[in-house]
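In the working numbering, the protein residues as written are 497 to 727.
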């Protein structure tokens, strides 16, 4: 969709001019992303986190039906519980972001979310899914709120639109690759192996976030972000 939207011609612009403008825009977007060192590192780690999230994310629903035997009614109730926990989470994490900051909230959510795939491993009955759905809805609500606020903090006001567009584009790439690789992992080694890899990958990315943002000390780790001028 992003590619097709970018191909929509502008009125009053000839073909060569459009091609030149597109090339300039792509080069400019790349310069904008690489020009802010902290933001660029944040984007790369976010791509890794989203890749491992999507490595298992799309297949949890399949697992609960095919392996745990959840019925359509159970899936519906679980969706309702998840939505309710997201509503509660938005209120709780919204206040946490206001008091502690987006870096603190996002890092905490990222450190807890990697444990979610491991909760699936001992489950044997559909009713036990509530032990996953409740913390999952709560934590992902916090991640969404904190991530959005931190994006605005990192990009600043200059070239904000271009930087967020670049972030979303690269995250979309990770979201596409994750399920493709996850499907192959499941085909070769099964659901449990896929969930374990998803959890481990998320944890590695979460630790990189912790090192990059340093929310609990209020400063950026000099090893990962030696130049603070871009922050």
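Where is the CB? At the ideal position from N, CA and C, for every residue including glycine. Since the structure is predicted, the reported quantities are computational estimates derived from the model, not experimental observations.
Residue from 697, 604, 711 and 676 whose Cα sits closest to the Cα of residue 554: 676
Close beta carbons around residue 670, own chain, < 6 Å, minus the five adjacent residues each side: 543, 546 and 547
Sufficient close CB pairs (3 or more, under 8 Å) joining the segment 636 to 651 to the segment 592 to 605: yes
Uninterrupted alpha helix (DSSP H) stretches inside the segment 647 to 690 (no shorter than 4 residues): 656 to 685
As assigned by DSSP and simplified to three states, the class of residue 536: helix
Of the listed residues 710, 591 and 690, nearest to residue 551 (C-alpha basis): 690
Endpoints, the alpha helix (DSSP H) within which residue 584 is located: 568 to 596
Residue 701 in three-state terms, based on DSSP: helix
Backbone secondary structure at residue 628 - three-state DSSP: helix
Local Cβ density within 10 Å of residue 560, reported as buried at 16 or more and exposed below that: buried
Exposed unless 16 or more other CB atoms sit within 10 angstroms - verdict on residue 711: buried
Span of the alpha helix (DSSP H) around residue 711: Run containing residue 711: none; DSSP gives neither H nor E here.
Nearest neighbour of residue 557, chosen from 664, 622, 709 and 608 [CA to CA]: 622
Where residue 517 falls: helix, strand or coil (DSSP): Here the model assigns residue 517 a pLDDT of 49, short of 50, so the residue's position is not dependable and the matter cannot be decided.
Distance CB(residue 612)-CB(residue 674) smaller than 9 Å: no
Between the CA atoms of residue 535 and residue 659 - distance to the nearest angstrom: 9 Å
Distance CB(residue 616)-CB(residue 628) smaller than 9 Å: yes
Cβ neighbour criterion (16 or more within 10 Å) applied to residue 541: buried
Euclidean distance between Cα positions of residue 610 and residue 704: 13 Å
Cutoff 6 Å; reference residue 585; Cβ partners in own chain excluding five residues on either side: 634, 637 and 638
Reference residue 594; option with closest CA among 531, 646, 530 and 678: 646
Close beta carbons around residue 578, own chain, < 6 Å, minus the five adjacent residues each side: 629 and 633
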